[in-house]
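A.B. asks:
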Amino acid sequence: MMIPSLEKSLFVIFLLFSTAYRSTIGCYTSIFSFGDSLADTGNLLSISRSSGGITTQIGFPPYGETYFHRPTGRFSDGRIIIDFIAQHLGLDLIPPYFGEHNAEIYHDFKQGMNFAVGGATALENDFFEKMGIPVPFNNSSLLDQLSWFKQILPSFCDSNLSCKEFLKTCLFLVGEIGGNDYNNPLLIGNITLEEVKTIVNPVINVIGSTITELIEIGAVTLVVPGNLPIGCVPVYLNHFKDLAKQSDYDPKTGCINWLNEFSQYHNEKLLEEINKIREFHPHVTIIYADYYNAAMALFKSPSKYGLKDWPLEACCGGEGPYNVNSLVNCGDPSSKICADPSTYINWDGIHMTEAANKWISKGLLEEYTFPLIESKCISSS
């Protein structure tokens with residue numbers, strides 16, 4: 016399904032944002048993060064282990080092999096976007112809310128905390144149950160994560176006034192979130208695209224209310240990522256390979272157009288919500304992180320970034336045109352892993368390699384955030 020002039024309208028919005036907000040002001044001493052597997056630095060793995068259930072696949076090699084040389088609970092072979100942002104800002108890697116907080120990696124909890132959980136949705140489980148959409152595992156929604164933040168905040172500051180002073184120098188990363196709200200119905204449930212589109216506004220409303228509550232608590236600088244181009248994700252390409260027509264594919268990238276248009280539809284609605292919140296809170300900096308176009312740059316010109324010419328195949332997974340098999344997970348004995356993850360965008364069929372995360376982070380820090388994330392201290396006078 017086509018969404019007319021969406022790319023053009025997004026460009027106009029981006030231009031307005033970049034003109035009105037040249038760069039953010041201030042120094043960041045801490046990062047607090049919320050979201051799903053794209054931002055999870057170990058929460059789901061710790062929850063799985065502590066519950067006595069089956070440890071998720073991310074608890075085993077080859078996850079983490081590139082940078083940490085062991086699994087850390089990240090859904091990648093190495094660092095993810097939040098890691099690169101933290102390192103760019105001169106901060107230690109942000110510890111997960113749950114977990115052992117390995118002292119060799121995490122040195123100072125006052126530099127922030129990560130509440131993101133793999134598989135998390137913006138919406139609560141009962142929303143999906145009413146629509147007849149299956150939720151494959153216990154969910155830790157965005158509202159759950161916000162609750163954890165409010166519970167632990169007193170350990171960082173001991174009064175309302177001191178908390179507001181502390182939070183002035185904190186960077187809040189709210190997302191990426193919403194991807195699983197769409198993954199579940201599109202990949203698991205028997206739901207049409209038109210039905211999935213009805214989920215977008217409720218997702219945006221929850222993200223908006225979370226941003227607003229964080230502002231009321233004391234947040235003054237927030238980064239809100241949009242969704243990635245899901246039409247370029249191997250698990251989607253594999254799922255729809257027998258249903259999509261040749262005309263559904265972008266001849267330049269091989270991505271499925273209507274899926275990418277849906278991602279852009281979500282992002283347009285998110286931008287509208289951000290703009291509304293800005294009007295009510297002009298003293299707050301809300302930064303839109305354009306994950307979509309930062310990632311599309313890689314798919315459009317893979318060789319420019321040292322990536323293989325066919326960038327739609329997963330590095331680690333099952334056999335098939337996209338190295339994806341619904342019966343074979345990355346790390347299974349029968350799974351196939353590439354020789355050099357640094358030349359791949361996708362790691363395990365749905366998540367990105369450290370190399371892709373690095374390039375996307377570089378793009379965000381240099382171009383694809385509106386306003387730009389500023390790592391230097393700039394006088395506001």
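Those letters in the sequence shown? Residues 16 to 396, per our numbering, in order. Heads up, the beta-carbon is just placed ideally off N, CA and C, and yes, glycines get one too.
What is the DSSP secondary structure of Y264, reduced to helix, strand or coil?
C.D. replies: strand
A.B. asks: Could you pull the DSSP bridge partners for S376 from this structure?
C.D. replies: BP columns for S376 are empty, so no partner.
A.B. asks: Is the beta carbon of Y307 sitting closer than 7 angstroms to the one on N282?
C.D. replies: yes
A.B. asks: Starting from the C-beta of N344, find all residues in its chain whose C-beta is less than 7 angstroms away, skip the five residues before and the five after it, and write them out in chain order.
C.D. replies: Q72, S350
A.B. asks: Tell me where the beta strand (DSSP E) around P240 begins and ends.
C.D. replies: 236-240
A.B. asks: Output the distance between the C-alpha atoms of N360 and L60, rounded to the nearest integer angstrom.
C.D. replies: This sequence places Ile at residue 360; Asn is not what is there. Computed Cα separation, rounded: 23 angstroms.
A.B. asks: Under 8 angstroms, with one C-beta from each stretch per pair, do the segment 354-371 and the segment 244-253 reach the 3-pair mark?
C.D. replies: yes
A.B. asks: Is I271 helix, strand or coil when you go by DSSP?
C.D. replies: strand
A.B. asks: With a threshold of 7 angstroms between beta-carbons, can I192 be considered close to chain B, or not?
C.D. replies: Among the chains of the structure shown, chain B does not appear; only one protein chain is present.
A.B. asks: Could you tell me the boundaries of the alpha helix (DSSP H) in which L182 lies?
C.D. replies: If you look at L182, you'll find it in the alpha helix (DSSP H) that goes 175-182.
A.B. asks: Around the C-beta of T207, are 16 or more other C-beta atoms found within 10 angstroms, so that it is buried, or is it exposed?
C.D. replies: exposed
A.B. asks: In whole angstroms, what is the alpha-carbon distance linking L168 and E276?
C.D. replies: 38 angstroms
A.B. asks: So, S48 versus N129, is the Cβ gap smaller than 7 angstroms?
C.D. replies: yes
A.B. asks: If we call anything under 7 angstroms between Cβ atoms a contact, is E369 one with D92?
C.D. replies: yes
A.B. asks: Comparing C-alpha positions only, which one of N205, G114, Y264 sits nearest to D55?
C.D. replies: G114
A.B. asks: Pull up the DSSP beta-bridge partners for A329, would you.
C.D. replies: N361
A.B. asks: Put L59 into one of helix, strand or coil per three-state DSSP.
C.D. replies: helix
A.B. asks: Classify K145: buried if its beta carbon has 16 or more other beta carbons within 10 angstroms, exposed otherwise.
C.D. replies: Counting Cβ neighbours within 10 Å, K145 comes out exposed, since fewer than 16 surround it.
A.B. asks: Between which residues of its own chain and L161 is the CB-CB distance below 6 angstroms, once the five residues before and five after are set aside?
C.D. replies: T225
A.B. asks: Among the residues of its own chain, which have a CB less than 8 angstroms from the CB of A259, if the five just before and after it don't count?
C.D. replies: So the qualifying residues of the chain are I271.
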